[in-house]
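For what it's worth, our numbering labels the leading residue of the sequence shown as 111, then goes sequentially.
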Amino acid sequence: MMPSFSLAALTALELAPPELIDVAAACGYGHVGLRLLPAMPGGVAYPLMEDHAALRETIERLDATGVTVADLEVVAIRPETEIAAFSAFFEAGARLRAKHVLVAAYDPDLDRFADRFAGFCEAAAPYGLTADLEFMPWTSVPDLKTAMRIVEQVAQANGGVLVDALHFDRSQSSVGDIAAIPAGKLHYWQLCDAPAERPATSEEMMHAARNARMFPGEGGLDLVSLTRAMPPDIAISIEVPTATLARTVGAEARARRALEAARRIVAAAR
């Protein structure tokens with residue numbers, strides 16, 4: 111049995127949520143990820159919590175297609191972040207029947223970040239949302255071990271770790287570390303590919319992560335070993351932004367190619 115697959119917002123960020131849902135349904139995805147908050151100031155996002163008509167239309171497309179929302183992005187916790195400011199975000203998430211929230215750490219004080227992350231988990235729980243800490247080499251939580259230490263420290267039932275295949279490789283985390291993650295702390299994970307050679311700078315890493323990933327199986331990452339290490343019953347979010355290709359190839363064709371490639375990786379991991 112294949113796991114369920116989610117079309118990540120970043121794979122087709124030019125599409126507003128209703129169109130992304132239609133593409134996901136046409137290609138055979140079970141889920142989508144929706145970007146309600148930008149990854150960086152001024153970045154692309156679709157703040158459905160501020161646009162009731164767009165939120166209504168998105169819910170209608172979910173109901174019509176049977177596609178569900180896997181995750182909401184991107185909660186970037188910075189030194190000035192106030193957890194109380196997310197109430198409308200959580201309410202929109204509950205209306206969308208979303209399952210997970212992607213959280214990124216942009217606070218160099220990890221004790222303060224852990225306190226905020228614990229507060230975020232507590233605030234998200236009544237809405238049925240998990241809070242999944244994504245480690246990225248250029249953030250304050252650069253690798254799997256650091257992410258797991260914080261999730262264990264806050265000890266929130268809905269707190270989890272988000273493994274992205276690209277960041278997993280670039281942070282030089284190990285497949286052996288995944289085995290040490292307690293059951294229930296991995297809620298979904300992100301799949302893509304990339305060249306085997308690691309970028310030399312954080313700037314190059316960020317550019318590649320946001321604009322220039324590769325379809326699974328077309329790069330040099332050991333995706334088969336990673337897939338084998340992950341729980342087989344959690345959703346796989348396919349996150350393959352390809353800015354250059356997107357100039358000439360439409361979103362549906364790219365999403366379809368990404369899904370077919372991901373299915374081949376999962377089949378090879380069996």
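The C-beta atom is built at its ideal place from N, Cα and C for all residues, glycine as well.
For residue i, is the classification buried or exposed, using 16 other Cβ atoms within 10 angstroms of its Cβ as the cut-off for buried?
i, result
"E190", "exposed"
"A119", "buried"
"H210", "buried"
"P128", "buried"
"H141", "buried"
"M150", "exposed"
"Q282", "exposed"
"D219", "exposed"
"R145", "buried"
"R359", "Inspection of the sequence shows that residue 359 is occupied by Val rather than by Arg. Exposed, since its Cβ has fewer than 16 Cβ neighbours within 10 Å."
Is residue i helix, strand or coil when you go by DSSP?
i, result
"Y298", "strand"
"V285", "helix"
"L331", "coil"
"S169", "Here residue 169 turns out to be Ile, not Ser, going by the sequence shown. The answer is helix: DSSP assigns I169 an H, G or I state."
"V271", "strand"
"L243", "strand"
"A214", "strand"
"V133", "helix"
"S404", "The displayed coordinates of the chain run from 111 to 380. Any statement about residue 404 would go beyond what the structure contains."
"G140", "coil"
"R226", "helix"
"D221", "helix"
Measuring alpha carbon to alpha carbon, tell me which residue in the options is nearest residue i.
i, options, result
"V154", "G176, V142, E183 and V133", "E183"
"A164", "E328, T311, P292 and I131", "I131"
Taking the CB atoms as reference points, tell me whether residue i and residue j lie closer together than 8 Å.
i, j, result
"L117", "Y139", "yes"
"M246", "A202", "no"
"A372", "A122", "no"
"V271", "V261", "yes"
"T168", "L212", "no"
"G326", "L296", "Just to set this straight, residue 326 is Pro in the shown sequence, not Gly. Going by C-beta atoms, P326 is not nearer than 8 Å to L296."
"E349", "D274", "yes"
Review point. What are the uninterrupted segments assigned as beta strand (DSSP E) that are 3 or more residues long and contained completely in the region 318–372, given in chain order?
Key: Qualifying beta strand (DSSP E) stretches, in chain order: 345–348.
**Study point:** Complete runs of the beta strand (DSSP E) confined to the region 151–202 [at least 3 residues]
**Key:** Counting whole runs of 3 or more residues, the region 151–202 contains the beta strand (DSSP E) stretches 178–187.
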